[in-house]
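Residue numbers (this note's numbering): 378 to 641.
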């Protein structure tokens, strides 16, 4: 899968920002109304950063009537040659799934949950396991169904309860290299996650948004711009950093990982 043990991300799909982006869901990070033009510029910079790191990116068209459709991560997760089709936990997002399914079915085996809800934003890949957040969008029934599929591929699953202060597990932690977790000190304690990784890099309370990162081989990492203390800590941990202005995407509670499904 994309984001495998050495964090290779050879290919990905993304989706254009909806022209209805101003109506996107926003409850956590937004400080102003989402702006389509600004978000489109940020999205283009994001795609350019992925390509600069060697990822082959396929851009799918927007879905009319779905303001959050650029947050394609919530629809599916790819393991090897299989695409697990998820069940988004917000009613307004459910209609985004079928278009992604049709696209992935051209090249992959399709597997579906038997029940419950799961947002892709609650799934973090960690070497030989997946961390799955139980949240407002991902429930226990969905986790049980997802676990059955993931275990059939030879991976373990670990459940992390997501605090109500945030939306998804990927909002508050990410794994940019093997045995490493970057996490929000505002939303998680080291004790919550120390069993999952030997190297824990905390992000300060006032920079919680920056806990969402994208890792590549050779300690390369993409982070959101504008978070100087997080940048310093990651540099001190040996990372080579590329920054992307995510502020327009943040207005709709979106982060770096939200904008893609890594397919190889």
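Virtual Cβ for every residue (Gly too), placed ideally from N, Cα, C.
Check: Environment of residue 501 [buried if 16+ CB atoms lie within 10 Å]; Outcome: buried
Check: Own chain residues within Cβ distance below 7 Å of residue 409, not counting five before or after; Outcome: 628
Check: Euclidean distance between Cα positions of residue 565 and residue 422; Outcome: 30 Å
Check: Residues that DSSP places opposite residue 550 in a beta bridge; Outcome: 560
Check: Residue range of the beta strand (DSSP E) that includes residue 437; Outcome: 433-437
Check: Cβ neighbour criterion (16 or more within 10 Å) applied to residue 514; Outcome: buried
Check: Inter-residue Cα distance where the pair is residue 380 and residue 637; Outcome: Below a pLDDT of 50, predicted positions are generally treated as unreliable, and residue 380, at 43, falls in that range; the measurement from the model is reported next regardless. Distance between the alpha carbons of residue 380 and residue 637 is about 12 Å.
Check: For residue 434 and residue 641, the rounded distance between their alpha carbons; Outcome: 11 Å
Check: The segment 463-473 / the segment 489-503 touching (three or more Cβ pairs under 8 Å); Outcome: yes
Check: N-terminal and C-terminal residue of the alpha helix (DSSP H) that residue 525 is part of; Outcome: 517-529
Check: According to DSSP, residues forming a beta bridge with residue 533; Outcome: 506
Check: Close-in-space but distant-in-sequence residues of the same chain around residue 438 (CB under 8 Å, 5 per side omitted); Outcome: 392, 393
Check: Among 614, 571, 588, 548, nearest to residue 404 - alpha-carbon criterion; Outcome: 548
Check: Residue 554 versus 591, 419, 459, 631, residue with shortest Cα-Cα distance; Outcome: 591
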